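> Once you've had a glance at the structure underneath, I'll fire off some questions.
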Amino acid sequence: SEANLTQKDLRDISSIDGVKIVTPFQVKLNMPIKYQNLFTTATVMGVMPNWVDAWKRGASKGDFIQTEDVELLKKVCVIGQTVKKELFPDSNPIGAELLIGKVKFRVQGILQKRGASPAGTDFDNLVIIPFSTASRRLMNQPKYIAMIRVIVDDPSHLKIISQQISQILRRNHHLASQEEDDFKLTSSTQIVKMIKSVSGTLHIFLLLIAGLSLLVGGIVIMNIMLISVSERKHEIGLRKAVGARSKDILLQFILESLVITLTGGILGFIVGILGVKIMEWVTNMPAVVSWEALALAFGFSFIVGIIFGVQPARKASRLDPVEALR
7 SEANLTQKDL RDISSIDGVK IVTPFQVKLN MPIKYQNLFT TATVMGVMPN
57 WVDAWKRGAS KGDFIQTEDV ELLKKVCVIG QTVKKELFPD SNPIGAELLI
107 GKVKFRVQGI LQKRGASPAG TDFDNLVIIP FSTASRRLMN QPKYIAMIRV
157 IVDDPSHLKI ISQQISQILR RNHHLASQEE DDFKLTSSTQ IVKMIKSVSG
207 TLHIFLLLIA GLSLLVGGIV IMNIMLISVS ERKHEIGLRK AVGARSKDIL
257 LQFILESLVI TLTGGILGFI VGILGVKIME WVTNMPAVVS WEALALAFGF
307 SFIVGIIFGV QPARKASRLD PVEALR
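Here the numbering used here is used: the first residue of the sequence shown is 7, the next is one more, and so on.
Put into C-alpha cells, the structure is as follows:
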C-alpha cells in the first residue's frame with residue numbers, strides 16, 4: 007500500500023503469537039544518487055537494524071545501520087554493489103559523501119551482493135539509510151510506514167498468521183466489512199507460486215518455439231538433400247555401376263543429413279552459451295548452462311537428421327543407374 011501503515015500496526019503485529027521478526031521500512035524507487043560528477047538512480051530503503059535478520063543480508067564491508075543511527079536520525083548509508091560500481095568504480099566508498107536527492111549522506115558500509123530476481127530486478131541497485139532519517143528527512147512521512155516484513159517461527163502457521171495480520175490492519179484502519187483492503191499482504195508462498203506460474207508459461211512458450219524451429223529446420227534440410235540428390239544423379243549412378251548397393255547409397259545420404267543436423271546442433275549450442283553469457287553480463291543475473299541442454303541438442307539434432315533425411319536418401323537409393331548416367 008502507499009505508506010498508510012502505522013506504528014500501532016507494527017506493535018499489534020509484533021504481539022501475534024508465532025511472529026519471530028517484524029521490521030518496518032520505507033521505500034523510494036529511482037532516487038537520484040550523485041557523487042562528485044557521477045550520477046545514477048537507485049532504490050532507497052529506510053530500515054531498522056533488524057532488517058539484517060529479516061532479509062539475511064548485511065554489510066560485506068564497513069558497518070550496517072545501527073540503533074544509534076536510527077535514534078539520532080543520522081545521515082549515513084550502506085550502498086549496494088551496483089551503486090558502488092556506478093559511483094565508485096576504482097575507489098573505496100567508505101567515508102565518502104554522496105547526495106541522495108538533495109540530502110548529503112556519508113557511506114559507512116557496502117551491502118552483501120544479492121544479484122537479480124527472475125524478473126530482472128537488480129537487488130544490488132540499492133541504498134540503505136536509517137528508518138527515522140528516511141521518514142523525516144528524506145521522504146517526509148514521519149507518521150506512516152511503507153512496508154512491514156514479518157518472519158514467522160513456523161512456516162506451517164503462515165496462513166493463520168496472515169489472516170490475523172489482515173484482521174488487525176482492517177480493524178486499525180477502520181474498514182467496514184464491505185470495504186476493500188487498503189493494504190496488500192504478500193507471502194513467500196504466493197511469490198513462489200507466481201514465479202512457478204511465470205516459469206511454466208515461459209517454458210511452454212519456449213518449447214513451442216523450439217518445436218516449430220525443429221520442424222522448419224527439418225523441412226529445410228530435407229529440401230537441401232533432395233536438391234543434392236537431383237544434382238548428384240551422375241555420381242549415384244556411377245557408384246551403383248561399380249557395385250554400390252541401394253542400402254549403401256541410403257546410408258550415405260542419411261549420414262550426410264546427420265552431419266548437417268549435428269553440426270547445426272553444435273553451432274546452436276555454442277550460440278546459446280554466448281547468448282546466456284551476454285544476458286548474464288547485461289542483466290547481472292547468474293545463469294547456468296546444464297550438460298542436459300547439450301545432450302538434448304545432440305539428441306534432437308540426431309532425430310531431425312534421421313526423420314528428414316530418410317526421404318531424400320530413399321529417393322537416391324532407388325535411382326536407376328542407367329537413367330542416372332544418361
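All C-beta atoms in this analysis are idealised placements derived from N, C-alpha and C, irrespective of residue type, glycine included.
These figures come from a predicted structure and were not determined experimentally.
Helix or strand or just coil, what does DSSP make of residue 7?
To locate residue 7, count along the sequence shown from 1; it is residue 1. Low per-residue confidence applies at residue 7: pLDDT is 45, beneath 50, and the placement is therefore not dependable enough to give any value.
> Within the same chain, show all residues whose beta-carbon is closer than 6 Å to that of residue 41, passing over the 5 residues directly before and after it, in chain order.
Locating residue 41 in the sequence shown gives position 35, where the first residue counts as 1. Excluding residues within five positions, the ones whose Cβ falls inside 6 Å are 93, 104.
> From residue 180 to residue 188, what distance separates their C-alpha atoms?
The sequence position of residue 180 within the sequence shown is 174, counting from 1. The sequence position of residue 188 within the sequence shown is 182, counting from 1. Answer to the nearest angstrom: the Cα atoms are 10 Å apart.
> Quick one: measure Cβ to Cβ for residue 78 and residue 109, integer angstroms, because I've assumed they're closer than 8 Å.
In the sequence shown, residue 78 corresponds to position 72, counting from 1. In the sequence shown, residue 109 corresponds to position 103, counting from 1. Rounded, the Cβ-Cβ distance is 15 Å, inconsistent with contact.
> Jot down the residue ranges of each uninterrupted beta strand (DSSP E) in the region 248–316, minimum 3 residues, whole runs only, in chain order.
Listed in chain order, there is nothing to give.
> Run through DSSP, which three-state label would residue 128 get?
Taking the first residue of the sequence shown as position 1, residue 128 is located at position 122. Strand.
> Report all residues from its chain with a CB closer than 7 Å to the CB of residue 18; omit the five preceding and five following residues, and keep chain order.
Your numbering for residue 18 matches position 12 in the sequence shown. Excluding sequence neighbours, residue 18 sits near 174, 178.
> Which class does residue 87 belong to by DSSP, given the choice of helix, strand or coil?
Taking the sequence shown and counting its residues from 1, the one referred to as residue 87 is at position 81. In this structure, residue 87 counts as helix in the three-state DSSP scheme.
> May I ask you to list the residues that DSSP assigns as paired with residue 143?
Here residue 143 refers to the residue found at position 137 when the sequence shown is read from its first residue. According to DSSP, which records beta bridges pairwise, residue 143 is partnered with nothing at all.
> So what's residue 31 in DSSP terms, helix, strand or just coil?
Start at 1 with the first residue of the sequence shown, and residue 31 comes out as number 25. Residue state, collapsed to three classes: strand.
> What are the boundary residues of the beta strand (DSSP E) that includes residue 119?
For the purposes of this step, residue 119 is taken as residue 113 along the sequence shown, with counting starting at 1. Run containing residue 119: none; DSSP gives neither H nor E here.
> Note the first and the last residue of the continuous alpha helix (DSSP H) segment covering residue 153.
As a first step, residue 153 is located in the sequence shown; it is residue number 147 there, counting from the start. Per DSSP, residue 153 belongs to no alpha helix (DSSP H); it is in the beta strand (DSSP E), 153–158.
> Could you give the residue range of the beta strand (DSSP E) that holds residue 105?
The residue given as residue 105 occupies position 99 in the sequence shown. Taken as a continuous stretch (DSSP letters only), the beta strand (DSSP E) holding residue 105 covers 103–106.
> Report all residues from its chain with a CB closer than 6 Å to the CB of residue 102; omit the five preceding and five following residues, and keep chain order.
Indexing the sequence shown from 1 puts residue 102 at position 96. Excluding residues within five positions, the ones whose Cβ falls inside 6 Å are 113.
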